[in-house]
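To start, the structure under review is shown below, and the notes come after it.
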Amino acid sequence: MNAVNPQFRSVIGMDLPELEQAVKPEPAYRARQIFEYVYTKRILDYDRMTSLPAALRQRLKADLPLGLPNVNQRFDSSDGTRRYLLDMADGRTIETVLMPQDDRDTICISSQVGCPVDCKFCLTALMGLERNLTAGEIVAQVLLVMEHNELAPGDRRLNLVLMGMGEPLLNLPNVLKATRLLTGVIGIAPKRITLSTSGIIPKMEELGKEAIRPRLAISLNASYEAQRREIMPITKKYHLADLMEACRRYPLRKDERLTFEYVLLKDVNDSDEDARRVVQLLGGLNCKVNLIALNPGPGIAYGTPTEERVASFQRIVREQVPCYLRKPRGRDIYAACGQLKRMSSQELVTVG
Ligand code: SAH
Ligand code: SF4
1 MNAVNPQFRS
11 VIGMDLPELE
21 QAVKPEPAYR
31 ARQIFEYVYT
41 KRILDYDRMT
51 SLPAALRQRL
61 KADLPLGLPN
71 VNQRFDSSDG
81 TRRYLLDMAD
91 GRTIETVLMP
101 QDDRDTICIS
111 SQVGCPVDCK
121 FCLTALMGLE
131 RNLTAGEIVA
141 QVLLVMEHNE
151 LAPGDRRLNL
161 VLMGMGEPLL
171 NLPNVLKATR
181 LLTGVIGIAP
191 KRITLSTSGI
201 IPKMEELGKE
211 AIRPRLAISL
221 NASYEAQRRE
231 IMPITKKYHL
241 ADLMEACRRY
251 PLRKDERLTF
261 EYVLLKDVND
271 SDEDARRVVQ
281 LLGGLNCKVN
291 LIALNPGPGI
301 AYGTPTEERV
311 ASFQRIVREQ
321 VPCYLRKPRG
331 RDIYAACGQL
341 KRMSSQELVT
351 VG
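1 is the number of the first residue of the sequence shown in the working numbering; add one for each residue after it.
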C-alpha cells in the first residue's frame, strides 16, 4: 500500500479495504455503499448518497473528503476539446483535457504537477516538478470529466491517455494503483488506457511485469542519439540504443503493440533522412508511429514544420510501419500536446 499524505487522504483513490478502514467504526457495508456510489454510480457528493444516514453524511463530510477537485476554469475549444484547470487539495493546479471525436472520446490525464524531464519542446517542462499526483488525484480527473460530460466507462468510445502533465513512469506506484481502480472498479478496459513515457528504461521493465497495466507509448522524437540528447536531455541517462533494446524486450501481449510518438520540429528532426533512420530504428518491432507537428508555445525555441514536410516524413515511415498523423486538438485554448502549463484565461489573452 502507498502511504498517502494526510492532506491528500480522500475516498477517491482508496480501494475497498482502505475505505473499510477509513470509515471505522462504521461497519464494512457502509464502506461498500460509499465505494459503489463513488466508483460505480459516480455520485460524487455526500448529500446525494441518500442511503447513508444524515448524521453519517455530516461526519464524513467533515472527516473524509471525497477528493473531487474543484474546477478552477474550463476552456472550450472551437474543435470541441475541453481543457479543465483543476485545483488540488494543496492549492496546486493541474490540467485534464477531453477530446471528443467522431468515433471516440479521449480523456488526457496528468500524472504529476509539472514534470522533471526537461524536454526542450514541451511547455510543461518549464514548470519543473512540483510533486507527484496521488492515485486518487489521477482517478478523480477521470471521474470528474466523465461526470461532467456524461461519459460511461463501458463505452467502447472512451479512451484514457496518460499524456497530460508529467512523466507517468516517474510516479509508477500511483499510476498503477489508479490503473487498477480505473479498470477493476470503474470498468474501463486496460487496453483503452495508454501511458506515454519519455523512456525511463528501468520503469518500463517494471511496468512490463504488471498483470494489469496500460498500453505503452514511447516518445521517440529523434532518429539518432545526439539529436535526441539535444531535445530530450534525459537521453544522456537513458541512451537511445538502450531504449530501443528495452522496447524489443518489452513483453507485449497478444493483440498489443507499442506506439512511438514523434514530435516534428522544423529543420531539427523532420527530414527525409530522419524518417529513414526512424524506420531503421523500429525495424522488427510490433508497433505504430504517431506523428505530431510541434504545437508552439511561449518559451519554446522550435518551429512547426510545413504540412508538405510532415506529409513527406509520413510517406517514408508508412512504407514500413503504420504511421498516423495526430491532429492538434484545442490549440486555441492551449490544450494541445506539450501546451499544458496551467495557462489561465488572462495568460491566454496575452499569448493568444
Ligand atoms: N511525459 C510523457 C507524457 C506526457 S507528454 C511523455 O513525454 O511521453 C505527451 C506527448 O506530448 C509526448 O509524446 C510529447 O513528446 C508530446 N509533446 C510534448 N511537447 C509537445 C509540443 N510542444 N508539441 C507537440 N507534442 C508535444
Ligand atoms: Fe515531461 Fe513529457 Fe513534457 Fe518531456 S514531453 S517534459 S517527459 S511532459
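Every residue, glycine too, gets a C-beta built ideally from N, C-alpha and C.
Asked, Found
"Proximity of L66 and I12 at Cβ, strictly below 9 Å", "yes"
"Beta-carbon spacing of N149, L182 below 9 Å", "no"
"Cβ-heavy atom distance, V117 to the ligand SF4, below 8 Å", "yes"
"Buried/exposed call for E261, threshold 16 Cβ in 10 Å", "buried"
"Nearest candidate by alpha-carbon position, reference D155, set I186, K177 and A217", "I186"
"Endpoints, the beta strand (DSSP E) within which S196 is located", "I193 to T197"
"Classification of T106 by the beta-carbon crowding that lies within 10 angstroms, buried from 16 upward", "buried"
"I188 to V161 span [Cα, whole Å]", "12 Å"
"Paired residues, beta bridge with I107 - DSSP", "L98 and L160"
"M165: CB within 8 Å of a non-hydrogen atom of the ligand SAH", "yes"
"Spatially closest choice to P298 from K41, P69, F121 and I94, by CA coordinates", "F121"
"Buried or exposed by the 16-neighbour rule on C-beta atoms within 10 Å, applied to A31", "buried"
"Proximity of S111 and L133 at Cβ, strictly below 9 Å", "yes"
"Alpha-carbon to alpha-carbon, Y37 and G136", "15 Å"
"Proximity test, V263 beta-carbon vs the ligand SAH heavy atom, cut-off 8 Å", "yes"
"Distance between Y29 and A311 (C-alpha atoms, nearest Å)", "58 Å"
"Minimum C-alpha distance to R192 - residue among Q314, R9 and R180", "R180"
"Nearest-angstrom Cα separation, counted from Y224 out to I268", "Strictly speaking, residue 268 in this sequence is Val, with Ile absent from that position. Approximately 12 Å, taken between the alpha carbons."
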